[in-house]
Amino acid sequence: MTTILLIRHAVNDFVKTGKLAGRMAGVHLNDEGLAQAEALGRRLAEAPLHRVYSSPMERTMETAAAIIKHHPQLAVEAHPEITEVEYGAWQGKKISELQRRKMWAVVQEYPSRARFPNGETLHGVQVRIVNAIEALARDHPERMIALVFHADLIKLALAHYLGMHLDVFQRIVISPASISTLHLGHSRPFIIGMNDIAHLLELKKARQTPDAVSDRGE
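In structure tokens:
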């Protein structure tokens with residue numbers, strides 16, 4: 002049985018622009034994202050990883066690089082079939098503008114019927130990612146491999162293996178730098194864990210802890 006870690010990339014500052022990044026070049030991890038990636042790398046330091054595959058986007062490659070720091074025998078392998086959704090004409094547009102379009106409601110309510118202008122269909126994206134995962138499972142039987150890629154693709158893959166209809170895939174939550182674990186053998190798939198962010202809890206706790214003060218309240 003192949004163990005496949007489905008890992009979302011860590012955070013970046015592009016989300017603050019309010020635009021849809023898609024496959025845009027030049028979207029890098031910010032300081033928080035780098036800290037998340039380092040925590041992720043430490044979490045997987047003792048994992049018996051056989052291969053680490055990444056979407057070719059900078060933010061995913063940087064996240065994957067933090068993992069292989071603890072596995073010097075491995076290299077990050079860019080895998081085009083797990084890259085981000087091709088949003089076509091929507092890429093780089095303001096989300097507030099896209100929300101006013103009729104297709105936005107289709108994407109949210111009936112994603113199985115959605116096609117991005119000059120881009121992919123969400124059904125096609127699901128087929129793409131499932132085919133890639135199945136091929137990797139065949140290539141690496143009885144091994145553990147890591148895939149570092151994007152939230153919607155991870156949701157679409159999990160929806161498939163959970164037997165969920167595509168139209169409800171957005172009910173799944175996939176956080177930055179999270180790990181979801183899939184076992185694939187000759188028969189039924191098994192979802193071992195979803196959206197595991199235990200390695201990020203210390204980072205979150207550190208951000209929430211107020212500065213220490215003396216007993217006099219100074």
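Just add 1 to the spot in the sequence shown (first one is 1) and you have my numbering. Note that the Cβ used here is the ideal one computed from N, Cα and C, for glycine as well.
Residue i: first and last residue of the uninterrupted beta strand (DSSP E) it sits in
{"i": "Ile222", "result": "It is not possible to answer for residue 222, since the shown part of the chain is limited to 2 through 219."}
{"i": "His184", "result": "Ile180 to Leu185"}
{"i": "Met145", "result": "Met145 to Phe150"}
Alpha-carbon spacing of residue i relative to residue j, whole angstroms
{"i": "Leu99", "j": "Tyr88", "result": "12 Å"}
{"i": "Asn13", "j": "Gly194", "result": "25 Å"}
{"i": "Ile155", "j": "Ile8", "result": "8 Å"}
{"i": "Ala213", "j": "Leu201", "result": "Interpretation of Ala213 is limited by its pLDDT of 37, a score under 50 that renders its predicted location unreliable; no figure is taken from the coordinates."}
{"i": "His10", "j": "Gly164", "result": "25 Å"}
{"i": "Phe191", "j": "Glu135", "result": "13 Å"}
{"i": "Arg60", "j": "Ala133", "result": "20 Å"}
{"i": "Ala207", "j": "Pro49", "result": "29 Å"}
{"i": "Leu21", "j": "Val174", "result": "18 Å"}
{"i": "Ile68", "j": "Asn31", "result": "17 Å"}
{"i": "Met62", "j": "His80", "result": "10 Å"}
{"i": "Tyr1", "j": "Arg102", "result": "This structure cannot settle anything about residue 1, because the visible part of the chain is limited to 2 through 219."}
{"i": "His141", "j": "Ser97", "result": "43 Å"}
{"i": "Glu39", "j": "Leu159", "result": "25 Å"}
{"i": "Pro73", "j": "Ile146", "result": "15 Å"}
{"i": "Ile198", "j": "Gly27", "result": "26 Å"}
Beta-carbon separation (whole angstroms), residue i vs residue j, contact threshold 8 Å
{"i": "Leu75", "j": "Arg52", "result": "7 Å"}
{"i": "Leu204", "j": "Gln37", "result": "7 Å"}
{"i": "Trp91", "j": "Pro118", "result": "7 Å"}
{"i": "Ala178", "j": "Thr64", "result": "7 Å"}
{"i": "Ile83", "j": "Phe150", "result": "4 Å"}
{"i": "Arg144", "j": "Thr3", "result": "6 Å"}
{"i": "Tyr54", "j": "Glu78", "result": "5 Å"}
{"i": "Ala46", "j": "His71", "result": "4 Å"}
{"i": "Gly93", "j": "Met25", "result": "6 Å"}
Residue i, DSSP secondary structure in three states
{"i": "Ala115", "result": "coil"}
{"i": "Ile24", "result": "First, the amino acid is wrong: residue 24 is Arg here, not Ile. In the structure shown, Arg24 sits in coil (DSSP, three-state: anything other than H, G, I, E or B)."}
{"i": "Arg101", "result": "coil"}
{"i": "His51", "result": "strand"}
{"i": "Val77", "result": "strand"}
{"i": "Lys95", "result": "strand"}
Span of the alpha helix (DSSP H) around residue i
{"i": "Asp197", "result": "Note, Asp197: premise wrong, no alpha helix (DSSP H); beta strand (DSSP E) at Phe191 to Asp197."}
{"i": "Ile130", "result": "Leu123 to Asp140"}
{"i": "Glu59", "result": "Glu59 to Ile69"}
{"i": "Gly34", "result": "Asp32 to Arg44"}
{"i": "Leu201", "result": "From DSSP, Leu201 is part of no alpha helix (DSSP H); its letter is neither H nor E."}
Residue i: CB within 6 Å of a non-hydrogen atom of the ligand PLP
{"i": "Ala106", "result": "No copy of the ligand PLP appears in this structure; indeed no ligand is present at all."}
Beta carbon proximity, residue i to chain D, threshold 7 Å
{"i": "His71", "result": "No chain D appears in the structure shown, which is made up of a single protein chain."}
Tell me whether the region 181 to 195 and the region 109 to 127 touch, counting them as touching only if at least three CB pairs, one residue from each stretch, are closer than 8 Å. no
Are the region 162 to 171 and the region 103 to 113 touching by the rule of at least three beta carbon pairs closer than 8 Å? yes
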